[in-house]
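These notes are about the structure you will find just below.
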Amino acid sequence: PSGAGPAAKNTPGKNPPQANLQPWGNVGAAPKAKWKKQDNADPCTICHDELSSDSCELECGHHFHRGCIRTWLKEHSSTCPICRVHALLPEDFPELPAWNKYT
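Okay, so the sequence shown: first residue is 46 according to this note's numbering, each after it adds one.
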């Protein structure tokens, strides 16, 4: 055999032609799509039932059934089950009567 193998056909300095394509796209080339909420009918994330008029909003803005969040805060954690921010029910700490110390 006189150098007739595949290595003999490939001469140094010659590379096969390559496509001028990038395996990735340009950053920001496509418009950003923002997620939009379809409606306000989110369920209670504790029991997964629809929220009713007996719902409670925590200071973080998340809504739950009053009974569900009361049980959650007493038995599981004192934080919101969605965002884990420390949570208190408004009725647990009623507003103090107004008092003006300058009168």
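Note that the Cβ used here is the ideal one computed from N, Cα and C, for glycine as well. Quantities reported herein were computed from a predicted structural model and do not represent experimental measurements.
Residues of its chain near residue i, where Cβ-Cβ distance is below 6 Å and the 5 sequence neighbours each way are ignored
i       : result
Arg-115 : none
Which listed residue (the options) has its alpha carbon closest to that of residue i
i      : options                            : result
Cys-89 : Lys-119, Phe-109, Leu-103          : Phe-109
His-93 : Leu-133, Val-130, Pro-126, Leu-118 : Pro-126
Asp-99 : Leu-118, Cys-128, Gly-112          : Gly-112
Host beta strand (DSSP E) of residue i (start-end)
i       : result
Cys-101 : 100 to 102
Neighbourhood of residue i by C-beta distance below 7 Å, restricted to the same chain and skipping five residues each side
i       : result
Val-130 : Cys-105, Thr-124
Glu-102 : His-108
Endpoints, alpha helix (DSSP H) assigned at residue i
i       : result
Gly-112 : 111 to 120
Residues near residue i by beta carbon distance below 8 Å, same chain, minus five either side
i      : result
Ser-97 : His-110
Residue i burial status per 10 Å Cβ neighbour count (16 or more: buried)
i       : result
Cys-128 : exposed
Leu-133 : exposed
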